[in-house]
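In the UniProt record's numbering, the protein residues as written are 1 to 283. For each residue, glycine too, the CB sits at the ideal point set by N, CA and C. Here the structure is laid out as C-alpha coordinates; the discussion comes afterwards.
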Amino acid sequence: MKQDIIDIHPHIVSDDETRYPPAPLFGRRSDWSKEHPNTVASLIAAMDEAGVAKAAVVHSSTTYGFDNSYVLDGCRQYPDRLVAVGSVDVLADDVVATIHDLKDRGLAGLRIFTGGSTKDFDPSELDNPKSFRAWEALAELGLPMCIQTGPIGLPQVTMLAQRFPTVNIILDHLARPIVADGPPYREAASLFEMAALPNIYLKLAPRIFNDARKDKASPDTFFPRLVEAFGADRMAWGSNFPTSPGSVAEILATARECLACLSEEDRAWIFGGTAKKLYPALA
1 MKQDIIDIHP
11 HIVSDDETRY
21 PPAPLFGRRS
31 DWSKEHPNTV
41 ASLIAAMDEA
51 GVAKAAVVHS
61 STTYGFDNSY
71 VLDGCRQYPD
81 RLVAVGSVDV
91 LADDVVATIH
101 DLKDRGLAGL
111 RIFTGGSTKD
121 FDPSELDNPK
131 SFRAWEALAE
141 LGLPMCIQTG
151 PIGLPQVTML
161 AQRFPTVNII
171 LDHLARPIVA
181 DGPPYREAAS
191 LFEMAALPNI
201 YLKLAPRIFN
211 DARKDKASPD
221 TFFPRLVEAF
231 GADRMAWGSN
241 FPTSPGSVAE
251 ILATARECLA
261 CLSEEDRAWI
271 FGGTAKKLYP
281 ALA
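Spelled out as C-alpha coordinates, the structure:
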(Lines of atoms letter the chains of each structure in order from A and count residues from 1; the text may use other names and numbers.)
(Lines give C-alpha, C1' and ligand atoms only; values in the text may rest on other atoms or scores of the structure.)
Protein backbone atom coordinates (compact mmCIF):
# COMPACT_ATOMS: atom_id res chain seq x y z
CA MET A 1 0.00 0.00 0.00
CA LYS A 2 1.38 3.37 -1.04
CA GLN A 3 2.21 5.64 1.88
CA ASP A 4 1.40 9.32 1.90
CA ILE A 5 4.35 11.71 1.84
CA ILE A 6 3.82 14.48 4.39
CA ASP A 7 5.77 17.74 4.62
CA ILE A 8 5.89 19.37 8.07
CA HIS A 9 7.72 22.58 7.12
CA PRO A 10 6.52 24.53 4.06
CA HIS A 11 5.62 28.23 4.33
CA ILE A 12 3.00 30.35 2.58
CA VAL A 13 2.86 34.10 1.93
CA SER A 14 -0.14 35.90 0.47
CA ASP A 15 0.06 37.99 -2.68
CA ASP A 16 -2.59 40.31 -1.19
CA GLU A 17 -0.71 42.69 1.12
CA THR A 18 -3.81 44.77 1.73
CA ARG A 19 -5.70 41.88 3.27
CA TYR A 20 -2.59 40.33 4.84
CA PRO A 21 -0.15 43.18 5.58
CA PRO A 22 3.44 42.19 6.41
CA ALA A 23 4.50 42.89 10.01
CA PRO A 24 7.68 40.84 10.47
CA LEU A 25 8.93 39.70 13.83
CA PHE A 26 11.95 41.75 14.96
CA GLY A 27 11.03 44.40 12.36
CA ARG A 28 12.94 42.94 9.42
CA ARG A 29 11.21 40.96 6.70
CA SER A 30 12.96 37.88 5.33
CA ASP A 31 14.40 38.17 1.83
CA TRP A 32 12.79 34.93 0.64
CA SER A 33 9.28 36.13 1.47
CA LYS A 34 9.79 39.22 -0.68
CA GLU A 35 11.69 37.64 -3.54
CA HIS A 36 9.74 34.40 -4.00
CA PRO A 37 6.54 34.37 -1.94
CA ASN A 38 4.47 31.22 -2.12
CA THR A 39 0.68 31.40 -1.88
CA VAL A 40 -1.34 28.48 -0.58
CA ALA A 41 -2.48 27.71 -4.14
CA SER A 42 1.15 27.68 -5.29
CA LEU A 43 2.04 25.34 -2.44
CA ILE A 44 -0.69 22.88 -3.40
CA ALA A 45 0.55 22.93 -7.01
CA ALA A 46 4.13 22.30 -5.85
CA MET A 47 2.97 19.47 -3.60
CA ASP A 48 1.02 17.89 -6.45
CA GLU A 49 4.07 18.04 -8.71
CA ALA A 50 6.21 16.37 -6.05
CA GLY A 51 3.66 13.76 -5.00
CA VAL A 52 3.32 15.18 -1.49
CA ALA A 53 -0.11 14.33 -0.10
CA LYS A 54 -0.39 16.58 2.95
CA ALA A 55 1.46 19.25 4.90
CA ALA A 56 1.69 21.05 8.22
CA VAL A 57 2.17 24.61 7.02
CA VAL A 58 4.40 26.73 9.25
CA HIS A 59 3.45 30.36 9.77
CA SER A 60 6.03 32.83 8.44
CA SER A 61 7.06 34.86 11.48
CA THR A 62 9.49 36.90 9.37
CA THR A 63 6.56 38.04 7.24
CA TYR A 64 3.60 38.35 9.61
CA GLY A 65 4.96 38.37 13.16
CA PHE A 66 2.21 36.99 15.41
CA ASP A 67 -0.62 37.54 12.93
CA ASN A 68 -1.62 34.00 11.95
CA SER A 69 -4.47 35.05 9.64
CA TYR A 70 -3.01 33.84 6.37
CA VAL A 71 -1.74 30.45 7.51
CA LEU A 72 -5.14 29.74 9.10
CA ASP A 73 -7.18 31.06 6.15
CA GLY A 74 -4.95 29.32 3.62
CA CYS A 75 -5.05 25.93 5.31
CA ARG A 76 -8.81 26.21 5.74
CA GLN A 77 -9.11 26.24 1.93
CA TYR A 78 -7.64 22.71 1.79
CA PRO A 79 -8.84 21.03 4.99
CA ASP A 80 -8.19 17.53 3.67
CA ARG A 81 -4.54 18.30 2.92
CA LEU A 82 -3.22 21.09 5.15
CA VAL A 83 -3.02 21.98 8.83
CA ALA A 84 -1.69 25.24 10.28
CA VAL A 85 1.25 25.69 12.65
CA GLY A 86 1.11 29.20 14.10
CA SER A 87 3.12 31.50 16.31
CA VAL A 88 2.16 33.54 19.37
CA ASP A 89 3.87 35.89 21.78
CA VAL A 90 4.42 33.44 24.63
CA LEU A 91 5.12 36.34 27.00
CA ALA A 92 1.84 38.16 26.30
CA ASP A 93 -0.62 38.56 29.17
CA ASP A 94 -3.43 37.04 27.08
CA VAL A 95 -1.41 34.18 25.58
CA VAL A 96 -3.61 31.41 27.00
CA ALA A 97 -6.79 32.92 25.56
CA THR A 98 -4.99 33.48 22.26
CA ILE A 99 -3.90 29.83 22.01
CA HIS A 100 -7.42 28.61 22.79
CA ASP A 101 -8.85 30.96 20.15
CA LEU A 102 -6.36 29.81 17.52
CA LYS A 103 -7.11 26.17 18.34
CA ASP A 104 -10.81 26.89 17.77
CA ARG A 105 -9.88 28.41 14.40
CA GLY A 106 -8.03 25.27 13.31
CA LEU A 107 -4.53 25.60 14.73
CA ALA A 108 -2.69 22.24 14.88
CA GLY A 109 0.49 23.36 16.62
CA LEU A 110 2.72 26.29 17.52
CA ARG A 111 6.24 27.47 16.81
CA ILE A 112 8.67 29.67 18.73
CA PHE A 113 11.05 31.61 16.49
CA THR A 114 14.04 32.65 18.61
CA GLY A 115 16.12 33.79 15.64
CA GLY A 116 17.30 32.76 12.21
CA SER A 117 17.84 34.54 8.93
CA THR A 118 16.84 37.97 10.24
CA LYS A 119 18.20 37.89 13.80
CA ASP A 120 20.77 36.05 15.92
CA PHE A 121 19.36 33.39 18.21
CA ASP A 122 18.15 34.61 21.60
CA PRO A 123 16.78 31.73 23.68
CA SER A 124 16.00 33.91 26.71
CA GLU A 125 12.24 33.73 26.24
CA LEU A 126 12.38 29.93 26.38
CA ASP A 127 13.12 29.85 30.10
CA ASN A 128 11.21 32.98 31.04
CA PRO A 129 8.70 31.77 33.66
CA LYS A 130 6.05 34.02 32.14
CA SER A 131 6.09 31.81 29.03
CA PHE A 132 5.17 28.70 31.00
CA ARG A 133 1.45 29.59 30.82
CA ALA A 134 1.64 29.03 27.06
CA TRP A 135 3.21 25.62 27.59
CA GLU A 136 0.52 24.69 30.11
CA ALA A 137 -2.08 25.56 27.47
CA LEU A 138 -0.30 23.36 24.93
CA ALA A 139 -0.33 20.48 27.40
CA GLU A 140 -4.04 20.99 28.06
CA LEU A 141 -4.93 21.12 24.36
CA GLY A 142 -2.53 18.41 23.18
CA LEU A 143 -0.68 20.67 20.76
CA PRO A 144 3.00 20.29 19.79
CA MET A 145 5.57 23.09 19.75
CA CYS A 146 8.28 23.64 17.13
CA ILE A 147 11.34 25.53 18.33
CA GLN A 148 13.64 27.41 15.98
CA THR A 149 16.97 27.73 17.77
CA GLY A 150 20.59 26.71 17.59
CA PRO A 151 22.81 24.72 19.95
CA ILE A 152 22.84 27.77 22.24
CA GLY A 153 19.19 27.13 23.07
CA LEU A 154 19.36 23.41 23.85
CA PRO A 155 19.76 23.81 27.63
CA GLN A 156 16.50 25.77 27.70
CA VAL A 157 14.80 23.23 25.43
CA THR A 158 15.93 20.45 27.76
CA MET A 159 14.38 22.27 30.70
CA LEU A 160 11.09 22.73 28.82
CA ALA A 161 10.99 19.08 27.73
CA GLN A 162 11.45 17.99 31.33
CA ARG A 163 9.01 20.51 32.79
CA PHE A 164 6.29 19.76 30.20
CA PRO A 165 6.76 16.06 29.37
CA THR A 166 3.37 15.71 27.64
CA VAL A 167 4.14 18.44 25.10
CA ASN A 168 5.88 17.15 21.98
CA ILE A 169 8.74 19.50 21.05
CA ILE A 170 10.00 19.55 17.46
CA LEU A 171 13.49 20.91 16.83
CA ASP A 172 13.51 22.86 13.59
CA HIS A 173 16.59 21.95 11.53
CA LEU A 174 17.73 19.73 14.45
CA ALA A 175 18.75 22.98 16.19
CA ARG A 176 21.48 23.38 13.56
CA PRO A 177 24.12 20.95 14.87
CA ILE A 178 27.73 21.08 13.70
CA VAL A 179 28.40 17.82 11.85
CA ALA A 180 31.41 18.68 9.70
CA ASP A 181 33.74 16.73 12.01
CA GLY A 182 32.18 13.49 10.83
CA PRO A 183 31.69 10.30 12.85
CA PRO A 184 31.24 9.91 15.74
CA TYR A 185 29.95 13.50 15.45
CA ARG A 186 31.32 14.72 18.77
CA GLU A 187 30.59 18.37 17.90
CA ALA A 188 26.90 17.47 17.76
CA ALA A 189 26.99 15.90 21.23
CA SER A 190 24.49 18.41 22.63
CA LEU A 191 21.95 17.28 20.04
CA PHE A 192 22.45 13.56 20.68
CA GLU A 193 22.05 14.17 24.41
CA MET A 194 18.47 15.26 23.67
CA ALA A 195 17.61 11.69 22.64
CA ALA A 196 17.08 10.78 26.28
CA LEU A 197 14.02 13.06 26.33
CA PRO A 198 11.12 11.09 24.78
CA ASN A 199 9.11 14.19 23.81
CA ILE A 200 11.90 15.65 21.65
CA TYR A 201 11.34 15.23 17.90
CA LEU A 202 13.59 16.19 14.99
CA LYS A 203 12.60 18.03 11.83
CA LEU A 204 14.82 17.03 8.90
CA ALA A 205 14.92 19.93 6.44
CA PRO A 206 17.31 20.89 3.60
CA ARG A 207 19.89 22.47 5.90
CA ILE A 208 20.83 19.19 7.56
CA PHE A 209 20.88 17.30 4.27
CA ASN A 210 23.33 19.88 2.91
CA ASP A 211 25.48 19.84 6.05
CA ALA A 212 25.59 16.04 6.09
CA ARG A 213 27.40 16.07 2.74
CA LYS A 214 30.18 18.49 3.74
CA ASP A 215 33.75 17.90 4.96
CA LYS A 216 33.99 14.65 6.96
CA ALA A 217 30.25 14.16 7.31
CA SER A 218 28.22 11.84 5.09
CA PRO A 219 24.56 10.82 4.95
CA ASP A 220 25.56 7.16 5.32
CA THR A 221 27.23 7.82 8.68
CA PHE A 222 25.10 10.64 10.10
CA PHE A 223 21.49 9.59 9.53
CA PRO A 224 21.83 5.99 10.78
CA ARG A 225 23.52 7.44 13.89
CA LEU A 226 20.56 9.79 14.30
CA VAL A 227 18.05 6.95 13.95
CA GLU A 228 20.01 4.83 16.40
CA ALA A 229 19.83 7.62 19.00
CA PHE A 230 16.30 8.97 18.52
CA GLY A 231 14.40 6.37 16.51
CA ALA A 232 12.87 7.16 13.14
CA ASP A 233 9.46 7.56 14.79
CA ARG A 234 10.78 10.80 16.32
CA MET A 235 12.02 12.22 13.02
CA ALA A 236 10.00 13.90 10.26
CA TRP A 237 10.78 15.50 6.91
CA GLY A 238 10.14 19.17 6.15
CA SER A 239 10.81 20.93 2.84
CA ASN A 240 11.33 24.50 4.11
CA PHE A 241 9.82 25.49 0.75
CA PRO A 242 10.09 28.16 -0.61
CA THR A 243 12.77 29.39 1.82
CA SER A 244 15.25 26.74 0.72
CA PRO A 245 16.32 26.68 -2.96
CA GLY A 246 14.57 24.35 -5.37
CA SER A 247 11.09 22.99 -5.95
CA VAL A 248 9.36 20.71 -3.46
CA ALA A 249 10.07 17.86 -5.88
CA GLU A 250 13.78 18.65 -5.95
CA ILE A 251 13.98 19.08 -2.17
CA LEU A 252 12.18 15.78 -1.65
CA ALA A 253 14.49 14.01 -4.11
CA THR A 254 17.54 15.20 -2.14
CA ALA A 255 16.02 13.99 1.12
CA ARG A 256 15.26 10.59 -0.39
CA GLU A 257 18.80 10.31 -1.72
CA CYS A 258 20.33 11.16 1.65
CA LEU A 259 18.06 8.75 3.52
CA ALA A 260 18.46 5.85 1.10
CA CYS A 261 20.87 4.32 3.63
CA LEU A 262 17.97 3.76 6.07
CA SER A 263 15.51 0.89 6.11
CA GLU A 264 12.19 1.13 4.32
CA GLU A 265 10.42 1.20 7.68
CA ASP A 266 12.58 4.07 8.95
CA ARG A 267 11.93 6.08 5.79
CA ALA A 268 8.21 5.44 6.13
CA TRP A 269 8.27 7.06 9.57
CA ILE A 270 10.32 10.04 8.43
CA PHE A 271 8.29 10.76 5.31
CA GLY A 272 4.86 10.37 6.85
CA GLY A 273 4.39 8.27 9.95
CA THR A 274 5.90 10.67 12.46
CA ALA A 275 3.99 13.61 10.97
CA LYS A 276 0.74 11.80 11.71
CA LYS A 277 1.81 11.29 15.32
CA LEU A 278 2.64 14.97 15.73
CA TYR A 279 -0.37 16.30 13.80
CA PRO A 280 -3.18 13.72 14.06
CA ALA A 281 -5.41 15.74 11.73
CA LEU A 282 -3.05 14.71 8.91
CA ALA A 283 -3.71 11.01 9.54
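Check                                                                                                 : Outcome
Delimiting residues of the alpha helix (DSSP H) encompassing methionine 47                            : 40-50
Local conformation of isoleucine 208 per DSSP, three classes                                          : helix
Straight-line Cα distance separating valine 167 from glycine 109                                      : 10 Å
Residue 284 (DSSP reduced to helix, strand or coil)                                                   : Only positions 1 to 283 of the chain appear in the structure, and residue 284 is not among them; the question remains open.
Coil, strand or helix - alanine 56 by DSSP                                                            : strand
Glycine 272 vs aspartate 4 beta-carbon contact at 8 Å                                                 : yes
Helix, strand or coil at tyrosine 201 according to DSSP, with G and I counted as helix                : strand
For alanine 139 and valine 13, the rounded distance between their alpha carbons                       : 29 Å
Start and end residues, alpha helix (DSSP H) containing glycine 86                                    : It is not in any alpha helix (DSSP H) - glycine 86 instead sits in the beta strand (DSSP E) that spans 82-86.
Distance CB(alanine 229)-CB(valine 179) smaller than 8 Å                                              : no
For cysteine 75, three-class secondary structure by DSSP                                              : helix
Same chain, Cβ closer than 7 Å to histidine 36, neighbours up to 5 away in sequence not counted       : Pro242
Secondary structure of aspartate 7, DSSP reduced to three states                                      : strand
Own chain, CB closer than 7 Å to serine 61, minus 5 neighbours either side, in chain order            : Leu25, Ser87 and Phe113
Cα-Cα separation between glutamate 49 and leucine 252, rounded to whole angstroms                     : 11 Å
Exposure label - aspartate 80; buried when at least 16 CB within 10 Å                                 : exposed
CB of valine 83 within 8 Å of CB of alanine 53, strictly                                              : no
Identity of the residues DSSP links to cysteine 146 by a beta bridge                                  : Arg111 and Ile170
Per DSSP, the bridge partner or partners of methionine 235                                            : Leu202
Under 8 Å between C-beta atoms of leucine 191 and leucine 204                                         : no
Validate contact between the region 68-78 and the region 274-281 using beta carbons, cut 8 Å, 3 pairs : no
Cα-Cα separation, aspartate 215 to tyrosine 185                                                       : 12 Å
7 Å Cβ shell around threonine 63 - same chain, five flanking residues per side excluded               : Val13, Pro22, Pro24, Arg29, Ser30 and Ser33
Proline 151, DSSP secondary structure in three states                                                 : helix
Rounded Cβ spacing between valine 90 and alanine 134 (contact assumed at less than 8 Å)               : 4 Å
Option nearest asparagine 199 by Cα separation, candidates Lys103, Met145 and Ile8                    : Met145
Alpha carbon of serine 218 to alpha carbon of threonine 98, nearest angstrom                          : 43 Å
Nearest neighbour of alanine 189, chosen from Arg225, Pro206 and Ile169 [CA to CA]                    : Arg225
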